Amino acid sequence: MKTQAIPFRRSMLAVALAATLNQATAQEEALLAAVVEIVGSTPLASGMPRGDVAAARQGANAADLARSGALDVSEFLNRRMGSVHVNEMQGNPFQADVSYRGYTASPLLGTPQGLSIYLDGMRMNQPFGDVVSWDLIPRAAIASVSLMPGSNPLFGLNTLGGALSLRTKDGRSDPGTALQVGGGSSGRRSAEFEHGGANDSGLDWYVSGNRYHEDGWRDSSPSDVRQLFGKLGWRNAATRWHLSVAGASNELTGNGLQEQALLARDRRSVYTKPDQTDNHSLLLNLVGSHTLSPGVTLDGNAYWRKLRTATLNGDINEDSLDQSVYQPSAAERSVLAAAGYRGVPTAGANAANTPFPSWRCIGQALLRDEPGEKCNGLLNRGNSTQRNYGLSAQLSVKGELAGRANRLLAGAAYDASRTGFNQSSELGYLNPDRSVTGVKAFGDGVSGGDIDGEPFDTRVDLSGRSRTWSAYASDTLTLAPDWQATLAGRYNTTRIVNRDHLHDDDSSASLSGTHRFSRLNPALGLNYTPSSALNAYAGWSQGSRVPTAIELGCANPERPCKLPNAMAGDPPLRQVVTRTVEAGVRGEAGTVSWNAGVFSARNVDDILFVADNQAGYGYFKNVGQTRRQGVELGLESKHGALTWGAHATWLDATFRSAEVLNGSANSSNDTARAGSPGQDGTIAIRPGDRLPLTPRRMLKLFAEYAPVSGLTLSADVVAISRSTARGNENGQHQADDKYYLGSGYSAGYAVLNLGAQYHVTPQWQVQLQVNNATGTHYSSAAQLGPSGFDANGNFVARALGGSSAAGYPVPRSTFEAPGAPRRVSVTLRYTFG
Numbered sequence: 100m101k102t103q104a105i106p107f108r109r110s111m112l113a114v115a116l117a118a119t120l121n122q123a124t125a126q127e128e129a130l131l132a133a134v135v136e137i138v139g140s141t142p143l144a145s146g147m148p149r150g151d152v153a154a155a156r157q158g159a160n161a162a163d164l165a166r167s168g169a170l171d172v173s174e175f176l177n178r179r180m181g182s183v184h185v186n187e188m189q190g191n192p193f194q195a196d197v198s199y200r201g202y203t204a205s206p207l208l209g210t211p212q213g214l215s216i217y218l219d220g221m222r223m224n225q226p227f228g229d230v231v232s233w234d235l236i237p238r239a240a241i242a243s244v245s246l247m248p249g250s251n252p253l254f255g256l257n258t259l260g261g262a263l264s265l266r267t268k269d270g271r272s273d274p275g276t277a278l279q280v281g282g283g284s285s286g287r288r289s290a291e292f293e294h295g296g297a298n299d300s301g302l303d304w305y306v307s308g309n310r311y312h313e314d315g316w317r318d319s320s321p322s323d324v325r326q327l328f329g330k331l332g333w334r335n336a337a338t339r340w341h342l343s344v345a346g347a348s349n350e351l352t353g354n355g356l357q358e359q360a361l362l363a364r365d366r367r368s369v370y371t372k373p374d375q376t377d378n379h380s381l382l383l384n385l386v387g388s389h390t391l392s393p394g395v396t397l398d399g400n401a402y403w404r405k406l407r408t409a410t411l412n413g414d415i416n417e418d419s420l421d422q423s424v425y426q427p428s429a430a431e432r433s434v435l436a437a438a439g440y441r442g443v444p445t446a447g448a449n450a451a452n453t454p455f456p457s458w459r460c461i462g463q464a465l466l467r468d469e470p471g472e473k474c475n476g477l478l479n480r481g482n483s484t485q486r487n488y489g490l491s492a493q494l495s496v497k498g499e500l501a502g503r504a505n506r507l508l509a510g511a512a513y514d515a516s517r518t519g520f521n522q523s524s525e526l527g528y529l530n531p532d533r534s535v536t537g538v539k540a541f542g543d544g545v546s547g548g549d550i551d552g553e554p555f556d557t558r559v560d561l562s563g564r565s566r567t568w569s570a571y572a573s574d575t576l577t578l579a580p581d582w583q584a585t586l587a588g589r590y591n592t593t594r595i596v597n598r599d600h601l602h603d604d605d606s607s608a609s610l611s612g613t614h615r616f617s618r619l620n621p622a623l624g625l626n627y628t629p630s631s632a633l634n635a636y637a638g639w640s641q642g643s644r645v646p647t648a649i650e651l652g653c654a655n656p657e658r659p660c661k662l663p664n665a666m667a668g669d670p671p672l673r674q675v676v677t678r679t680v681e682a683g684v685r686g687e688a689g690t691v692s693w694n695a696g697v698f699s700a701r702n703v704d705d706i707l708f709v710a711d712n713q714a715g716y717g718y719f720k721n722v723g724q725t726r727r728q729g730v731e732l733g734l735e736s737k738h739g740a741l742t743w744g745a746h747a748t749w750l751d752a753t754f755r756s757a758e759v760l761n762g763s764a765n766s767s768n769d770t771a772r773a774g775s776p777g778q779d780g781t782i783a784i785r786p787g788d789r790l791p792l793t794p795r796r797m798l799k800l801f802a803e804y805a806p807v808s809g810l811t812l813s814a815d816v817v818a819i820s821r822s823t824a825r826g827n828e829n830g831q832h833q834a835d836d837k838y839y840l841g842s843g844y845s846a847g848y849a850v851l852n853l854g855a856q857y858h859v860t861p862q863w864q865v866q867l868q869v870n871n872a873t874g875t876h877y878s879s880a881a882q883l884g885p886s887g888f889d890a891n892g893n894f895v896a897r898a899l900g901g902s903s904a905a906g907y908p909v910p911r912s913t914f915e916a917p918g919a920p921r922r923v924s925v926t927l928r929y930t931f932g
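The sequence shown begins at 100 in my numbering and counts up by one.
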């Protein structure tokens with residue numbers, strides 16, 4: 100059943116009314132004793148009162164994650180954290196693009212990354228592209244989640260919009276043994292275990308593992324996840340350390356976006372296949388802390404990680420879309436017959452009678468005679484091996500300065516990496532089920548012929564090294580009994596060395612280069628706490644990120660590339676610098692805790708993929724400015740057996756400078772305005788145009804109710820307003836139902852999730868989770884692009900004998916990222932002892 104999204108204004112009114120009624124009831128109750136919440140102010144430290152942090156930090160613990168029934172950390176963030184939304188661009192539950200305040204942490208290469216992710220003080224953003232693989236984070240072992248907003252420099256590079264700090268369990272804090280099995284919709288099967296313990300000599304240990312499989316709700320979309328985590332620790336009165344080991348071996352299928360007409364016809368359908376990602380990871384992390392004297396603590400960590408990723412993507416060859424059906428020549432028919440092919444058309448070939456496979460593609464591949472434009476499929480393969488390692492140390496001193504309470508943090512860090520990356524493309528043809536069969540014509544510039552008169556060479560063979568030295572400090576001084584001020588800063592210097600193994604260093608196509616980036620990022624904060632129930636804060640911070648190897652490898656306007664399939668020469672790019680201002684108030688009134696805040700973050704020298712005048716090609720460059728600003732409101736309450744909460748966000752994410760971007764699928768592009776619809780073109784971006792994939796309004800509601808002992812019922816609602824499709828950055832796309840299809844937006848939606856958790860006995864627990872309980876049809880993101888299929892799912896082949904001089908206009912459409920339908924899962928958990 101298709102349901103309608105909840106009107107956002109009415110939802111906000113309901114939240115406000117509920118809050119008013121709840122607060123009136125709470126005022127009649129006795130005031131609760133104040134609880135000082137301790138939060139981490141750096142990746143290593145955990146010991147600063149929340150009221151001393153000049154930002155609206157959000158957090159959760161292991162029990163919150165377990166009760167939510169969330170599959171992984173990204174799903175939990177989407178359902179429970181304010182200002183967070185998810186774009187399911189890859190179409191896999193473990194490959195979400197997580198955005199916070201309009202800044203993204205994504206597993207997809209080429210996506211501008213703006214959030215830093217830490218696990219026990221270890222940076223999880225990968226060296227090559229700063230991407231984040233959510234499937235490598237062991238959900239079962241997570242003890243706490245802390246989401247810090249803003250461009251806090253203490254969290255290092257890539258902290259433009261915020262930082263996510265994850266802490267894992269240990270045997271002393273989480274003792275015991277438990278086994279869990281589960282199953283559900285789409286062939287979901289899972290098994291999980293954890294065991295922790297400690298002894299009187301100071302030793303503690305913890306281990307957890309899980310195995311997950313699902314067939315996927317879309318066609319040909321299976322996934323397998325295998326995770327193992329272990330931690331060994333020791334402590335005495337002054338010292339403690341933990342050594343963690345985590346491994347993962349995962350096979351994910353993410354079939355991505357689907358054309359809107361095909362999606363309306365069959366929501367399970369996929370555009371092309373296969374689309375596979377295999378991740379294999381091993382990491383070691385040693386974390387230690389030693390109390391030198393009362394109030395003086397030394398913290399540190401050392402880590403090593405190896406990650407191997409292999410991808411196989413079957414795609415449409417867009418260069419074939421404007422070609423006519425081509426009858427095989429006599430020479431091609433002879434070669435095909437000699438190769439054993441039967442049923443080759445001999446005369447009268449047209450779109451209706453030309454069978455699959457594409458004989459023109461196979462014949463020209465066998466002849467090695469420029470098959471590029473006649474092969475309608477591509478198999479893109481990528482492989483990367485990344486090794487990163489580093490260490491950090493931090494001194495924390497609590498004491499007095501000029502007779503006033505003071506806390507000083509000072510630290511240094513070193514991070515290094517070695518990366519190898521190679522990529523290739525093989526020409527092929529589309530089968531009726533939209534899979535791609537290769538014809539052994541590879542993009543080596545020789546055997547593959549050419550495309551559009553250019554050598555078909557999409558190979559990449561790149562190795563790189565990077566190293567970053569950092570030094571940082573933070574000082575929080577109590578100015579008066581109610582006032583605290585914080586001054587912080589971090590200096591980073593990064594060196595990146597790329598080496599191209601396909602081209603000589605003096606070639607214009609070479610990716611080789613040495614790049615250096617340095618910057619000092621400061622921050623200021625002020626807190627006013629007149630009572631234990633009220634705190635006001637204001638802060639200014641600056642963060643930066645250096646260009647990634649994939650951006651440096653595609654930054655030459657003289658040699659544009661088509662990412663992620665190719666990269667070209669590398670003129671220097673500048674660092675992205677973000678400056679954030681925010682202010683707010685938070686407090687408690689009876690059983691209600693609340694917060695209200697405003698923020699404004701401006702990016703300078705933002706890096707975007709800019710169109711070139713060649714079809715589908717472009718390059719990365721620094722653009723002027725972008726801005727993300729908004730208002731955040733939050734309410735949470737625990738009243739007897741009922742716990743509930745709400746988070747509302749208004750987000751204004753816009754370009755602040757004029758730019759020219761790829762607009763080949765936008766009806767307002769320059770070629771369409773000149774009278775040539777369906778052709779390639781560009782669009783002009785004006786200051787004030789909205790950034791794509793960023794909704795203007797977000798609302799999260801959740802409630803948990805325990806009517807009887809042992810039973811907990813839960814519900815949450817995620818409501819997101821519409822967002823602009825990628826490719827419609829100027830907001831002027833209009834469908835004409837001929838050359839341009841679809842709205843150029845993803846519609847707003849609301850999704851209801853329900854859960855129940857019941858302790859049958861103290862040892863046995865059963866949990867039921869129903870996601871998208873109302874079966875809402877929705878899409879979380881959209882993108883404009885050329886359409887290779889008609890409304891019935893047949894490949895769009897052009898009529899034989901058409902005018903190639905005039906071109907064969909290719910329909911352009913809106914592609915959507917469909918959200919999952921109703922999904923039901925049940926887990927059974929047994930706790931020993």
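Where is the CB? At the ideal position from N, CA and C, for every residue including glycine.
None of these values were measured; they are calculated from a predicted model.
What did DSSP end up calling residue 319 once you bin it into helix, strand or coil? In the sequence shown, residue 319 corresponds to position 220, counting from 1. DSSP places residue 319 in coil when its eight states are reduced to three.
Is the segment 315–324 close to the segment 340–355, with three or more CB pairs under 8 Å? yes
Using the three-state DSSP reduction, which class does residue 828 fall into: helix, strand or coil? By 1-based counting over the sequence shown, the position of residue 828 is 729. Note: residue 828 maps to coil in three-state DSSP.
Work out the CA separation of residue 249 and residue 338 for me, nearest whole Å. The residue labelled residue 338 in the question sits at position 239 within the sequence shown. The residue labelled residue 249 in the question sits at position 150 within the sequence shown. So the alpha carbons of these two residues sit roughly 33 Å apart.
With DSSP collapsed to three states, give me the class of residue 175. To locate residue 175, count along the sequence shown from 1; it is residue 76. Helix, per DSSP.
Which value, in whole angstroms, describes the spacing of the CA atoms of residue 807 and residue 693? Taking the sequence shown and counting its residues from 1, one reaches residue 807 at position 708. Taking the sequence shown and counting its residues from 1, one reaches residue 693 at position 594. So the two alpha carbons sit approximately 28 Å from each other.
Backbone CA spacing between residue 833 and residue 729 [nearest angstrom]: Taking the first residue of the sequence shown as position 1, residue 833 is located at position 734. Taking the first residue of the sequence shown as position 1, residue 729 is located at position 630. Cα-Cα distance, rounded: 28 Å.
Which residues does DSSP list as the beta-bridge partners of residue 694? The residue you call residue 694 lines up with position 595 of the sequence shown. DSSP, once it has assigned bridges, lists 685, 733 as partnering residue 694.
Residue 164, DSSP secondary structure in three states: Residue mapping note: residue 164 aligns to position 65 of the sequence shown, counting from 1. In this structure, residue 164 counts as helix in the three-state DSSP scheme.
Pull the bridge partners of residue 746 from the DSSP assignment, please. For the purposes of this step, residue 746 is taken as the residue at position 647 of the sequence shown. The partner list for residue 746 (beta bridge, DSSP) reads 733, 799.
Using DSSP's beta-bridge definition, name the partner residues of residue 484. Position 385 of the sequence shown, counting from 1, holds the residue named residue 484. In the DSSP output, where bridge partners are listed per residue, residue 484 has 407, 519.
Span of the alpha helix (DSSP H) around residue 770: Position 671 of the sequence shown, counting from 1, holds the residue named residue 770. Segment 769–772, the alpha helix (DSSP H) holding residue 770.
Quick check on residue 863: buried or exposed, where buried means 16 or more other Cβ atoms within 10 Å of its Cβ? In the sequence shown, residue 863 corresponds to position 764, counting from 1. Exposed, since its Cβ has fewer than 16 Cβ neighbours within 10 Å.
Residue 617: first and last residue of the uninterrupted beta strand (DSSP E) it sits in: In the sequence shown, the residue the question calls residue 617 occupies position 518. Residue 617 -> beta strand (DSSP E) spans 612–630.
8 Å contact criterion, which residue 766 and residue 839 should meet: CB distance rounded: On the sequence shown, position 667 is the one that residue 766 refers to. On the sequence shown, position 740 is the one that residue 839 refers to. Correct: roughly 4 Å between the Cβ atoms.
Can you tell me where the alpha helix (DSSP H) holding residue 153 begins and where it ends? Counting from one through the sequence shown, the residue named residue 153 turns up at place 54. No alpha helix (DSSP H) holds residue 153; DSSP gives it neither H nor E.
Bridge-paired residues (DSSP) for residue 187: As a first step, residue 187 is located in the sequence shown; it is residue number 88 there, counting from the start. Answer is none; residue 187 lacks a bridge partner.
Candidates 180, 218, 209, 251: which alpha carbon is nearest residue 622's? Walking along the sequence shown from the start, residue 622 turns up at place 523. Comparing Cα-Cα distances from residue 622 to each of 180, 218, 209, 251, the minimum goes to 251.
Quick one: what's got a C-beta closer than 7 Å to residue 915's C-beta in the same chain, skipping five residues either side? Counting from one through the sequence shown, the residue named residue 915 turns up at place 816. Here the set comprises 356, 357, 359, 362, 845, 878, 881.
I'd like the list of long-range same chain contacts for residue 184, defined as Cβ closer than 7 Å, with 5 residues on each side in sequence excluded. As a position in the sequence shown, residue 184 is number 85, starting the count at 1. Only 177, 198, 794, 797, 819 meet the Cβ criterion.
Under the assumption that residue 257 contacts residue 644 (Cβ atoms under 8 Å), give the Cβ distance between them as a whole number of angstroms. If you number the sequence shown from 1, residue 257 lands on position 158. If you number the sequence shown from 1, residue 644 lands on position 545. Cβ-Cβ separation between residue 257 and residue 644: approximately 4 Å, consistent with a contact (criterion under 8 Å).
With H, G and I counted as helix, E and B as strand and the rest as coil, what does DSSP make of residue 928? Within the sequence shown, numbered from 1, the residue matching residue 928 stands at position 829. In the structure shown, residue 928 sits in a strand (DSSP, three-state: E or B).
Expected contact under 8 Å - CB spacing of residue 672 and residue 610 to nearest Å: Position 573 of the sequence shown, counting from 1, holds the residue named residue 672. Position 511 of the sequence shown, counting from 1, holds the residue named residue 610. About 14 Å; that fails the 8 Å criterion.
Looking at the structure shown, is residue 239 part of a helix, part of a strand, or coil, going by DSSP? Residue mapping note: residue 239 aligns to position 140 of the sequence shown, counting from 1. Helix, per DSSP.
DSSP three-state label for residue 360, please. Position 261 of the sequence shown, counted from the first residue, corresponds to residue 360. In the structure shown, residue 360 sits in a helix (DSSP, three-state: H, G or I).
Can you round the beta-carbon distance between residue 752 and residue 399 to whole angstroms, since I take them to be within the 8 Å contact cut? The residue labelled residue 752 in the question sits at position 653 within the sequence shown. The residue labelled residue 399 in the question sits at position 300 within the sequence shown. Actually they are not in contact, since the Cβ atoms of residue 752 and residue 399 sit about 38 Å apart, beyond 8 Å.
Quick check: residue 56 and residue 625, are their CB atoms within less than 8 Å of each other? The chain is shown only over 100 to 932; residue 56 falls outside these bounds and no answer can be derived.
Considering residue 250, what are the terminal residues of the alpha helix (DSSP H) in which it resides? Residue 250 sits at position 151 when you count from the first residue of the sequence shown. Per DSSP, residue 250 belongs to no alpha helix (DSSP H) and is neither H nor E.
Applying the 10 Å Cβ sphere with the 16-neighbour rule, what's the burial state of residue 539? Translated into the one-based positions of the sequence shown, residue 539 becomes position 440. Answer is exposed; the Cβ neighbour count stays below 16.
Residue nearest to residue 419 in terms of C-alpha spacing, selected from 477, 368, 194, 780: Here residue 419 is taken as the residue at index 320 of the sequence shown, counted from 1. Checking every option, the nearest Cα to that of residue 419 belongs to 477.
Starting from residue 433, follow the alpha helix (DSSP H) in both directions and report where the run begins and ends. For the purposes of this step, residue 433 is identified with residue 334 of the sequence shown, where counting begins at 1. Segment 429–437, the alpha helix (DSSP H) holding residue 433.
In this structure, how does DSSP classify residue 419 when only helix, strand and coil are distinguished? Here residue 419 is taken as the residue at index 320 of the sequence shown, counted from 1. Looking at residue 419 - three-state DSSP - the assignment turns out to be helix.
Looking at residue 211: is its Cβ nearer than 8 Å to the Cβ of residue 194? Within the sequence shown, the letter at position 112 stands for residue 211. Within the sequence shown, the letter at position 95 stands for residue 194. No, the pair does not count as a contact, with Cβ atoms beyond the cut-off.
With DSSP as the reference, label residue 720 as helix, strand or coil. The count along the sequence shown starts at 1 and reaches residue 720 at position 621. Reduced to three states, the DSSP call for residue 720 is strand.
Residue 952 (DSSP reduced to helix, strand or coil): Nothing in the structure corresponds to residue 952, since the chain is present only between 100 and 932.
Can residue 253 and residue 702 be called in contact, C-beta distance under 8 Å? Here the question's residue 253 lines up with position 154 in the sequence shown. Here the question's residue 702 lines up with position 603 in the sequence shown. No, the pair does not count as a contact, with Cβ atoms beyond the cut-off.
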